[in-house]
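Notes follow the structure.
Number of protein chains: 2
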Amino acid sequence: MVTTLEDIAKAAHVSKMTVSRAINHPEQVRDELKINIFKVMHQLDYRPNVAAKALVRNRTQIIKFFILEDIDITEPYYMKLMVGLAERLAKQQYSLQLMTDRHLDIGGSDGYLITGMRAKDHEWLSRLELPFVTFGENRWHFNFVDTNNELGTQMATQYAFSRHYEHIIFIGMAVQEPYELSREKGYTHVMQAQGMVPEIKRFNNHSRIAMHYIQTQLATIPANTCFVCASDRLAFGVEKGILEVTGSVGNNYGVIGFDGVFLDQVATPKLTTIEQPMLDLGTRCADMLLAKINHPEQSLEDCLLKPRLKLGGSTR
Amino acid sequence: MVTTLEDIAKAAHVSKMTVSRAINHPEQVRDELKINIFKVMHQLDYRPNVAAKALVRNRTQIIKFFILEDIDITEPYYMKLMVGLAERLAKQQYSLQLMTDRHLDIGGSDGYLITGMRAKDHEWLSRLELPFVTFGENRWHFNFVDTNNELGTQMATQYAFSRHYEHIIFIGMAVQEPYELSREKGYTHVMQAQGMVPEIKRFNNHSRIAMHYIQTQLATIPANTCFVCASDRLAFGVEKGILEVTGSVGNNYGVIGFDGVFLDQVATPKLTTIEQPMLDLGTRCADMLLAKINHPEQSLEDCLLKPRLKLGGSTR
DNA sequence: TAATATTTTGTTACCGATAACACGCAGTTA
DNA sequence: TAACTGCGTGTTATCGGTAACAAAATATTA
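Going down the list, the sequences are from chains R and H. Quick note: the first sequence uses my numbering, first residue 1, plus one each step. Quick note: the second sequence uses my numbering, first residue 1, plus one each step.
What follows is the structure in structure tokens.
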């Protein structure tokens, strides 16, 4: 059977209000009682009824997770982000609803996590009436959680430099989004610090396009060059191109990616890449969102997590 | 403001019980009243309070989605499965909790969807006390939803045959799981029907291993062979191997994969593959699970959906 | 010690829905 | 016409919690 507050109350010889307080406002209950109450709760394996709590507090205990990108080309890393998010939310008895472009119902939740946001989404996001957090930097002061993109490419560029590549070229994504700009900045910053000349190419984020670029242009690029890429997709294409043209990768031409989820493992050789801490990022999203829901008045710091350099075979 | 049953009731000059009935047992309410009630509901944009409903019906309106595989190597297709599932569940005011190996809490939900099940999981699954559905065939009569695996490899093999490949080799996964056996069966079946000799190799499901096999063995395999693979991962490796050894793929040696999510797109050339209808599968999982929850006494048919042959450049 | 302040605990009402029962009002039947 | 069906609708109680208030117990003060 299911144990309720009432059951605990009887067993502990107090009113159920006291039990409720022991849980939610423990400072208002004498230690003696509390200890006993918690003992009983434990014995009877008490699990609070989420629906009842939600009803009386006028909450839904639901978070909507928006994926604004086309789901067909969606990056696999959302999966891990969601695992991190869901795990933390479940601890606070929240559950999830997954929303896609096809299905954009607002309301019926306590808050939103927004992923895959682009410039065009600013309009409706600014109208939202519930607390939300975006996964990904943005220029509108919406609270966000993201990898420290700038630091990531700094690490990549620095590493390329430390491996004695004489030229370092940045392969970016042709989008004017903050995360891309930050990645470019990280690269540029280290290049200038090292007294090297930055060189940036930009393509749509598809491996084929990057591969084609390498196939056609590698001949004009001096050996001893490392390509620092803004995504693993681009890096994947670059690596393939280099392999095809020169027969090997790493020594004459190196590649470093960015993301570290799935694609870097599938590449041959595995990509050296900047790994985003997706699970942690998900957890942080949850924390931040819950904070906004429970303390709407407090303003929050955005959250930038440090990525990790993951060595593969695509660099020397 | 939020509209409740009470508000509708007042505006429609009936009791809230009548409104509730109009929603849940429409046959018990006169048409005249119903029409008016629905009109008012629409005007006032009524959204039922999920928590209240859950409380009184002693339900949670939550489904737990279990991913039993290691999340680090999880196939990207779970994402699409979840989208399909979540979308259908949301319509019935259910939301999701994502459970992974790290976090296997039972209870606090109305049912489970189990993915990534392996033989070893039979033990605890058989003890579960709530309705559940597994994504993936199984040998224990747990209700499941899956792609018609046998049909899939039949289609692949048939297609290879129709493209005049003289030899067709099956590259399987070295697991004794029903879905793998079904895939082998589909292949064998068509081979025998065509009077050809089946030849099956099995490897762990990693592209590198398949690639290595091709690199070392392709010389011993006659030209005009098509490799029908049990996964896109394997096909991906096979394609790479063929490309490396012979410089081109499709004509002398063809490759057909199985899954059609993400990896087939990333391959160069894109893989010809058997595409699983992941969104539909997700929807079906939801339907089946809801049916089990709402009518526990009825026994259900398992569900096998037809896959689709998706042509890429890895076959002629 | 009486009066007052401060904890600590209990009581009541309510959140928004639904099941079970009660009731009123046709149309049948005797 | 009285008793009997049924259908359609309203009334009441309830699910499991929590806020707001009331009351009791204890501590502090004069």
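Every residue, glycine too, gets a C-beta built ideally from N, C-alpha and C.
Give the DSSP-derived three-state secondary structure of R:K310 in the structure shown. Mapped onto the first sequence, residue 310 of chain R falls at position 310. For R:K310, the secondary structure class from DSSP, reduced to helix, strand or coil, is strand.
Is there a C-beta anywhere in chain H that falls below 7 Å from the one on R:P76? To locate residue 76 of chain R, count along the first sequence from 1; it is residue 76. Interface with chain H (7 Å Cβ-Cβ cutoff): R:P76 is included.
Could you pull the start and end residues of the beta strand (DSSP E) that H:Q97 belongs to? The residue given as residue 97 of chain H occupies position 97 in the second sequence. For H:Q97, the uninterrupted beta strand (DSSP E) run begins and ends at 95 to 100, by DSSP.
Could you give the first and the last residue of the continuous alpha helix (DSSP H) run that contains R:V245? Counting from 1 along the first sequence, the entry for residue 245 of chain R is found at position 245. First-last of the alpha helix (DSSP H) with R:V245: 232 to 246.
So R:I71 is in the alpha helix (DSSP H); what residue range does that whole segment cover? Within the first sequence, residue 71 of chain R is the residue found at index 71, counting from 1. Judged by DSSP secondary structure, R:I71 falls outside any alpha helix (DSSP H); it is assigned neither H nor E.
Taking H:M155 as part of the alpha helix (DSSP H), name the residues at either end of that continuous run. The sequence position of residue 155 of chain H within the second sequence is 155, counting from 1. That run of the alpha helix (DSSP H) goes 149 to 162.
Would you call the region 105 to 114 of chain H in contact with the region 263 to 278 of chain H, where contact means no fewer than 3 C-beta pairs closer than 8 Å? No: fewer than three Cβ pairs fall under 8 Å.
By the 8 Å beta-carbon criterion, what residues does the region 7 to 38 of chain H contribute toward chain R? Going along the region 7 to 38 of chain H in chain order, one finds no residue with a Cβ nearer than 8 Å to chain R.
What residue range does the beta strand (DSSP E) around R:Y253 cover? As a first step, residue 253 of chain R is located in the first sequence; it is residue number 253 there, counting from the start. 253 to 259 is the span of the beta strand (DSSP E), which, as asked, contains R:Y253.
Quick one: is H:A51 near chain R, going by C-beta distance under 7 Å? Here residue 51 of chain H refers to the residue found at position 51 of the second sequence. Under the Cβ criterion of 7 Å, H:A51 is counted among the residues facing chain R.
Could you run through the region 85 to 96 of chain H and flag, in chain order, every residue whose CB is less than 7 Å away from some CB of chain R? Those would be A86, E87, A90, S95, L96, in chain order.
Do R:L55 and H:A52 come within 7 Å of each other at the CB atom, strictly closer than that value? Here the question's residue 52 of chain H lines up with position 52 in the second sequence. Here the question's residue 55 of chain R lines up with position 55 in the first sequence. The answer is yes: Cβ separation under 7 Å.
Alpha helix (DSSP H) segment containing H:E275, residue limits: The residue labelled residue 275 of chain H in the question sits at position 275 within the second sequence. Taken as a continuous stretch (DSSP letters only), H:E275 belongs to no alpha helix (DSSP H), being part of the beta strand (DSSP E) at 272 to 275.
Can you look up R:L104 in the DSSP assignment and give me helix, strand or coil? Taking the first residue of the first sequence as position 1, residue 104 of chain R is located at position 104. It is coil, neither helix nor strand.
H:I214 (DSSP reduced to helix, strand or coil): On the second sequence, position 214 is the one that residue 214 of chain H refers to. If DSSP states are grouped into helix, strand and coil, H:I214 belongs with the helices.
Candidates H:A291, H:A210, H:Q154, of which the one nearest H:A193 by Cα: Your numbering for residue 193 of chain H matches position 193 in the second sequence. Looking only at H:A291, H:A210, H:Q154, the smallest Cα-Cα distance to H:A193 is reached by H:Q154.
Starting from the C-beta of R:E239, find all residues in its chain whose C-beta is less than 7 Å away, skip the five residues before and the five after it, and write them out in chain order. On the first sequence, residue 239 of chain R is found 239 positions in, with the first residue counted as 1. Counting only Cβ-Cβ distances below 7 Å, and skipping sequence neighbours, we find V249, V255, A267, L271, S314.
Looking at the unbroken beta strand (DSSP E) that takes in R:I169, where does it start and where does it end? Along the first sequence, read from residue 1 onward, the residue named residue 169 of chain R stands at position 169. 167 to 173 is the span of the beta strand (DSSP E), which, as asked, contains R:I169.
Could you tell me whether any Cβ in chain H is nearer than 7 Å to the Cβ of R:G274? As a first step, residue 274 of chain R is located in the first sequence; it is residue number 274 there, counting from the start. It should be noted that the sequence gives Ile, not Gly, for residue 274 of chain R. So no, R:I274 is outside the interface.
Considering only their Cβ atoms, is the gap separating H:K64 from H:Q93 smaller than 7 Å? Counting from 1 along the second sequence, the entry for residue 93 of chain H is found at position 93. Counting from 1 along the second sequence, the entry for residue 64 of chain H is found at position 64. Their beta carbons are not under 7 Å apart, which means H:Q93 does not touch H:K64 by this criterion.
With 16 other CB atoms within 10 Å as the buried threshold, where does H:E137 fall? Here residue 137 of chain H corresponds to residue number 137 of the second sequence, with the count starting at 1. Counting Cβ neighbours within 10 Å, H:E137 comes out buried, since at least 16 surround it.
Quick one: any contact between the region 164 to 171 of chain H and the region 199 to 214 of chain H, if contact means 3 or more CB pairs under 8 Å? Yes: at least three Cβ pairs fall under 8 Å.
R:T268 - containing alpha helix (DSSP H), residue span: Counted from its first residue, the first sequence places residue 268 of chain R at position 268. Segment: none, R:T268 is in no alpha helix (DSSP H) and carries neither H nor E.
The region 50 to 69 of chain H: which residues have C-beta closer than 7 Å to a C-beta of chain R, in chain order? Those would be V50, A51, A52, A54, L55, T60, I62, in chain order.
Between which two residues does the beta strand (DSSP E) containing H:F38 stretch? Translated into positions along the second sequence, residue 38 of chain H becomes position 38. Counting along the chain, H:F38 falls outside any beta strand (DSSP E), though it belongs to the alpha helix (DSSP H) covering 31 to 43.
From the beta carbon of H:T4, is the nearest beta carbon of chain R less than 7 Å away? In the second sequence, residue 4 of chain H corresponds to position 4, counting from 1. Not closer than 7 Å to any Cβ of chain R, the Cβ of H:T4 fails to qualify, so no.
Selected residue, minimal CA-CA separation from H:I73, among R:E177, R:I293, R:V261, R:A86: What you label residue 73 of chain H is simply residue 73 of the second sequence in a count that begins at 1. H:I73 has its Cα closest to that of R:V261, out of R:E177, R:I293, R:V261, R:A86.
Report yes or no: is there a C-beta of chain H within less than 7 Å of the C-beta of R:I71? Residue 71 of chain R sits at position 71 when you count from the first residue of the first sequence. Between R:I71 and chain H, the shortest Cβ-Cβ separation is below 7 Å.
Alpha helix (DSSP H) segment containing H:I293, residue limits: In the second sequence, the residue the question calls residue 293 of chain H occupies position 293. 278 to 294 is the extent of the alpha helix (DSSP H) around H:I293.
Are H:V83 and H:L289 closer than 7 Å when you measure CB to CB? Along the second sequence, one-based indexing puts residue 83 of chain H at 83. Along the second sequence, one-based indexing puts residue 289 of chain H at 289. 7 Å or more divides the Cβ of H:V83 from the Cβ of H:L289.
Close-in-space but distant-in-sequence residues of the same chain around R:N148 (CB under 6 Å, 5 per side omitted): Within the first sequence, the letter at position 148 stands for residue 148 of chain R. Here R:N148 has L304, K306 as same chain residues with Cβ atoms under 6 Å from its own Cβ, once five neighbours each way along the sequence are excluded.
Could you name the residues that DSSP lists as bridge partners for H:L305? The residue given as residue 305 of chain H occupies position 305 in the second sequence. H:L305 pairs with H:T147.
Counting only the same chain and skipping the five closest in sequence on each side, list residues whose C-beta sits under 6 Å from that of R:A12. As a working mapping, residue 12 of chain R is identified with position 12 in the first sequence. Excluding sequence neighbours, R:A12 sits near N36, I37, V40.
Counting only Cβ-Cβ distances shorter than 9 Å, please list the residues of the region 135 to 167 of chain R near chain H, keeping chain order. Within the region 135 to 167 of chain R, no residue qualifies.
Contact under 7 Å by Cβ, H:L309 with H:Y159: Within the second sequence, residue 309 of chain H is the residue found at index 309, counting from 1. Within the second sequence, residue 159 of chain H is the residue found at index 159, counting from 1. Result yes, Cβ atoms of H:L309 and H:Y159 sit closer than 7 Å.
Let me check understanding here. Comparing Cα to Cα, which of R:G237, R:N205, R:Q28 lies closest to R:Q176? As a position in the first sequence, residue 176 of chain R is number 176, starting the count at 1. For the set R:G237, R:N205, R:Q28, the Cα lying nearest the Cα of R:Q176 is the one of R:N205.
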